[in-house]
Amino acid sequence: MNFLSDRINNLSTSQTLAMAAKARELKAQGKDIISLSLGEPDFNTPDFIKEAAKKAIDENYSTYTPVDGYVELKEAICKKFKRDNNLEYTPANIVVSTGAKQSLYNIAQVMINPGDEVILPAPYWVSYYEIIKLSGGIPIEVPTSVESDFKMTPEQLEAAITPKTKMMWFSSPCNPSGSVYNQEELTALAKVLEKYPNIFIVSDEIYEHINFSGTFCSIASIPGMFDRTITVNGVAKAFAMTGWRIGYIGAPEFIAKACTKMQGQVTSGANSIAQRATIAAVEADPSVLNNMVSAFKNRRDLVISLMKDIPGIKLNVPEGAFYVFPDVSYYFGKTLKGTTINNAEDFSMYLLAEANVATVTGDAFGNPNCLRLSYAASEEQLTEAIRRIKVALT
Ligand code: PMP
Ligand code: GLU
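FYI, in our numbering the residues of the sequence shown are 1095 to 1488.
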């Protein structure tokens, strides 16, 4: 007898979190594992944010907050959207949630009916697929490859649209490929979407500040897109606040209201202290992040230059986030030190066993030829990890 619901039985485990747990477990057993599996900055939360949280505790911000977030936070988020993205939201358009993950979950639950199709340019972030499935939606994957910098073309978008298409979800900078869509590319996608006014867009901009391309464009700022885009963001990545669990959306008011209604039955709202701390984070000039962003850029350059020497690995140069997503399909069908590698999952498991390096298989992100490595680790760890990978592969 299976007492659990079909819903949970049909849900896949988050492979990023599962690999991170496995790496932790092996480390606890005394193995010298380098974990490049989890997308989590290895910096501490900046002191000015920690101070804001301490002050909030002392000032007794200890009761339930408004379900959609403190009004001061929502106002600060509106200013941030204006400052960084040229988007004119009012507090009625903002909902603060328990991480961008919950923001995405809310959107799926309030927008998608069973059978609705949601276009996902692949590779996509691991949880989109399952969050959409949980709402009864059908993820429609649009494959891209390292050769096209993992970006979906307007022609591919148009070909994926059917009368059942309800939404398109994407992240830029992209987790896992690090690709950043520029204004011209977004305008070309928007031109296709213009013809299909009932399709809504989820633009996940959580890596907005970890961007080495020099420019950043929100699709909601492209003419005609504002009223049909839900802009998702959060403080986890840019401000090294993964554990604080604060994400937010800017959305048309009817969608914001629906997300608030959903959240009112599920969490009652995000953590009060973390919300007060987030006011300090979003009010800060993004230049406070310069050191962290340039450290990530140096690491990207290091990882790319070291990986280029490994035979058979194909890489794009990611312009943002903190991942590389090499195509490792050259190794499929080959036997290395007695282990046959048939796919990216085998490849990732081989690296864990042979090199003590934890990565995540590209399957989790909708690309079975690739592997994701997070370079949110020290330069020493990255150098050692790639040295070990090279030894394991030669
Ligand atoms: N979107 C993307 C693209 C991510 O990589 C992550 C990773 N955490 C999230 C959303 C979720 O962020 P949060 O930690 O705020 O829930
Ligand atoms: N977003 C991060 C990742 O992709 C954290 C893990 C998760 O939230 O699934 O690794």
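Glycine included, every Cβ here is placed at the ideal spot set by N, Cα and C. Keep in mind it's a predicted model, so treat the numbers as computed, not measured.
task: Please find out if some non-hydrogen atom of ligand 1 comes closer than 7 angstroms to the beta-carbon of Asp-1298.
output: Using a cutoff of 7 angstroms, the CB of Asp-1298 counts as near ligand 1, since one of the ligand's heavy atoms is closer than that.
- Task: Find the nearest neighbour of Leu-1251 within the set Pro-1237, Gln-1357 and Asn-1187, judged by alpha-carbon distance.
- Result: Comparing Cα-Cα distances from Leu-1251 to each of Pro-1237, Gln-1357 and Asn-1187, the minimum goes to Pro-1237.
**OP:** Measure the C-alpha to C-alpha separation of Ala-1147 and Ala-1253 and round it to an integer number of angstroms.
**Re:** Here the alpha carbon of Ala-1147 sits roughly 48 angstroms from the alpha carbon of Ala-1253.
**OP:** Output the residue ranges of the alpha helix (DSSP H) runs that lie fully inside the segment 1163 to 1206 and measure 4 residues or longer, sorted by chain position.
**Re:** For the segment 1163 to 1206, whole alpha helix (DSSP H) runs of length 4 or above, ordered along the chain, are 1165 to 1179 and 1193 to 1205.
Item to check | Per DSSP, cross-strand counterpart(s) of Cys-1311 | outcome: When DSSP reads this structure, Cys-1311 sits in no beta bridge, so it has no partner.
**Asked** Which runs of the alpha helix (DSSP H) spanning at least 4 residues fall entirely within the segment 1096 to 1145, listed in chain order?
**Response** The segment 1096 to 1145 contains these whole alpha helix (DSSP H) runs: 1100 to 1103 and 1109 to 1122.
To which residues of the same chain is Thr-1336 closer than 8 angstroms at the C-beta, ignoring the five residues directly before and after it? Hits under 8 angstroms: Glu-1134, Pro-1135 and Ala-1330.
#### Entry: Per-residue burial, Pro-1270 [other beta carbons within 10 Å of its own, 16 or more giving buried]
With 16 or more other CB atoms across the displayed protein chains lying within 10 angstroms of its CB, Pro-1270 is buried.
| said: Can you give me the C-alpha to C-alpha distance between Thr-1309 and Lys-1391, rounded to a whole angstrom? | reply: Between Thr-1309 and Lys-1391, the C-alpha separation is close to 15 angstroms.
task = Please indicate yes or no: does the CB of Trp-1338 lie closer than 7 angstroms to some heavy atom of ligand 2?
result = No, since every heavy atom of ligand 2 falls outside the 7 angstroms radius drawn around the Cβ of Trp-1338.
Is DSSP giving Asn-1392 helix, strand or coil here? In the three-state scheme derived from DSSP, where H, G and I count as helix and E and B as strand, Asn-1392 is classed as helix.
Closer than 8 angstroms is the cut-off here; do at least three beta carbon pairs connect the segment 1101 to 1112 with the segment 1120 to 1128? No, the segment 1101 to 1112 is not in contact with the segment 1120 to 1128.
Check: Among Pro-1257, Val-1161 and Ala-1447, which residue has its Cα nearest to the Cα of Lys-1351?
Finding: Here the closest residue by C-alpha is Val-1161.
### Query
Which residues in the same chain have their Cβ closer than 7 angstroms to the Cβ of Pro-1248, if we skip the five residues on either side of it in sequence?
Closer than 7 angstroms at Cβ, skipping near neighbours: Ala-1282, Leu-1283, Lys-1285 and Val-1286.
Check: In whole angstroms, what is the alpha-carbon distance linking Arg-1482 and Met-1443?
Finding: Arg-1482 and Met-1443 have their alpha carbons spaced roughly 14 angstroms apart.
Range covered by the beta strand (DSSP E) that runs through Lys-1245:
Segment: none, Lys-1245 is in no beta strand (DSSP E) and carries neither H nor E.
### Query
Can Lys-1195 be considered in contact with ligand 2, in the sense that its beta carbon sits closer than 7 angstroms to one or more heavy atoms?
Ligand 2 has a heavy atom closer than 7 angstroms to the beta-carbon of Lys-1195.
Item to complete: State the beta-bridge partners of Ile-1324 as determined by DSSP.
Response: Bridge partners of Ile-1324: Val-1296.
task: Return yes when the Cβ of Gly-1231 is within less than 8 angstroms of the Cβ of Gly-1363, no when it is not.
output: Not closer than 8 angstroms, so no.
Checklist line | In chain order, each beta strand (DSSP E) run of at least 3 residues that lies wholly inside the segment 1447 to 1473 | finding: You should have 1465 to 1468.
Please check the pair Val-1217 and Asn-1365, which I expect to be a contact at CB under 8 angstroms, by giving their CB distance rounded to whole angstroms. The residue asked about is misnamed: residue 1217 is Pro in this sequence, not Val. The Cβ separation is near 31 angstroms, so there is no contact.
According to DSSP, simplified to helix, strand and coil, what is Gly-1344?
Strand.
Measure the alpha-carbon distance for Met-1319 versus Pro-1291 and round it to whole angstroms. Met-1319 and Pro-1291 have their C-alpha atoms roughly 9 angstroms apart.
#### Entry: Burial state of Tyr-1222 (16 or more Cβ within 10 Å)
The residue in question, Tyr-1222, is buried, as its Cβ has 16 or more Cβ neighbours within 10 Å.
Own chain partners of Val-1274 with C-beta closer than 7 angstroms, once the 5 adjacent residues on each side are dropped: Closer than 7 angstroms at Cβ, skipping near neighbours: Ser-1266, Pro-1267, Asn-1305, Ser-1307, Glu-1413 and Gly-1414.
Is Val-1568 close to ligand 2? I mean its beta-carbon at under 7 angstroms from any heavy atom of the ligand. Outside the shown range of the chain (1095 to 1488) lies residue 1568, about which nothing can therefore be said.
*Flag this pair as yes or no: are the beta carbons of Val-1190 and Ile-1340 separated by less than 8 angstroms?*
Yes. Within cutoff.
Give me whichever residues DSSP pairs with Asn-1305 in a beta bridge.
Note: Asn-1305 sits in a beta bridge opposite Gly-1414.
Worksheet item: Going by C-alpha distance, which of Met-1113, Ala-1114 and Ile-1128 is nearest Glu-1474?
Response: Of the candidates Met-1113, Ala-1114 and Ile-1128, the one whose C-alpha sits nearest the C-alpha of Glu-1474 is Ile-1128.
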